[in-house]
Structure formats: C-alpha cells, structure tokens
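What follows is one structure encoded as structure tokens, with my remarks underneath.
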Amino acid sequence: MPSLKRAPYKMKLHIKEVLRQIGFSEDTMLSPSPKKVVTKGASKRVRWERVDSQNPDSESSQPKIKVPKSEEIVNVNGDGNCGFRVIARHMGMDEENHILVRNALIHELKNHKSDYLLVFGTEERFKFILDDLHPPTSKSRITLEDKWLKLLDMGYIIATSFNRAVVQLTLSEKGICETYFPIRGAPPLNSHSNIMCLGLIPDHFLHVFFERME
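Per the UniProt record's numbering, residue 1 is the first one in the sequence shown, and the count goes up by one each step.
Quick look at the structure:
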C-alpha cells in the first residue's frame, strides 16, 4: 500500500506531538522558572537567593532531547477490517491476512479467560468482545461496525497476544490517545520493535511508523 502522503497535515503534526508527549511526558510538564523580582528595601540576601545565584539557569542547562519523527504513515483497505489489517502489516504479514489476526486474538482470549475476566469485569462483557473478534458471517465486501477493531475493548488482548505496547494516536477532538501494555510477560528487548502505533481518523485506522531512536 502507498504511503499516505495525502493524509491531513494536521493529523501528521498531531501524531508527532502525541508521541513526544508519550516518550517525554516529564518534559511536557516543565516550564521556565519565573525571574525573581527584586524586593525594595531588602536588608540582606536570604538562603534561597544565595543557592539560586550559585546554580546555572535551569533552562540553559537542560540537555537537548531528540524528538522522534514519523517515518511513514501507511493507508490500508477501508473495508471495516482496517484495524486488523494494520496489525497484520505491523507483524510482517500481508494485510489480507487480517483473519489470522482475529484468530490469534480469539485464541489468546479463550486460552486466558480468567485473566481477561479480571480486565473486563463480567462474563457478559467477555462474551461480547469475543463475539466481536469473530469474522463476520456475511459475504458482503464491507464489514459492519460491530465487527470493527475497538482498541478500548481489545487493546490489552492485542498487546499481550503480540507482546507489544499498542498505541492509539488520534486527533483530540475525535477521541483520546491510549496506550496498552501486555498483561503477561515482558516486552521484546528491541525498544524500536515493541511499539505498535495505530493512527485513528474518523472510522479508519492507519499504520504509523516512527524513526529509529539511537
């Protein structure tokens, strides 16, 4: 599939900013300290003034941080299976193997039911999500909404089944950005390969790649 060079420019900028906030959340909370106001008539310097004068400006002393850039945004077929297609691509398969992704998630859910009952809370919710994962029985070329990928319900299943952190990036007015981690085991040692990014635009998922950070 071709790169989504015609994707909305605002979407690309937002994806970059969201990843920066995910990777450097502590940095986004920092702001330069306000300059001290000289108090008229002060007789002597108090202790905090002496300490402040002995330290370099906090903003200038902070190391420069390299912000990751989006390497590629790839579109997939918008037939209602787009989310599963993105997962297939990320795992090195052809996107037409999206049914194999569904089967892997069903296998994970069934084989570790007790784990997911703790996540979903009720048997009814568990069965609802399991049913959504099954491929549609209709022969229609378009998959209806009840069979779409829903990361709010399926994020932990995907992360655990494929041993990846799963990140949903979206425009703020369209929803919220979420990150899901495996509920069992440890992530891969390769820090670049253990993040699966899905860009969500209205009713469609895109596959988002970011440059390798050394």
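In this text, a Cβ means the ideal position worked out from N, Cα and C, and glycines have one as well.
{"Check": "Collapsed DSSP secondary structure at Cys177 in the structure displayed", "Outcome": "coil"}
{"Check": "DSSP-derived helix/strand/coil call for Ile195", "Outcome": "strand"}
{"Check": "CA-to-CA distance, Leu198 to Ile73, given in whole angstroms", "Outcome": "9 Å"}
{"Check": "Check whether Val166 and Ile158 have beta carbons under 8 Å apart", "Outcome": "yes"}
{"Check": "Close beta carbons around Lys113, own chain, < 8 Å, minus the five adjacent residues each side", "Outcome": "Phe126"}
{"Check": "Reduced DSSP secondary structure (H/G/I, E/B, other) of Phe120", "Outcome": "helix"}
{"Check": "Identified DSSP bridge partners for Val208", "Outcome": "Ile73, Cys197"}
{"Check": "Three or more C-beta pairs below 8 Å linking the region 106-125 and the region 139-148", "Outcome": "no"}
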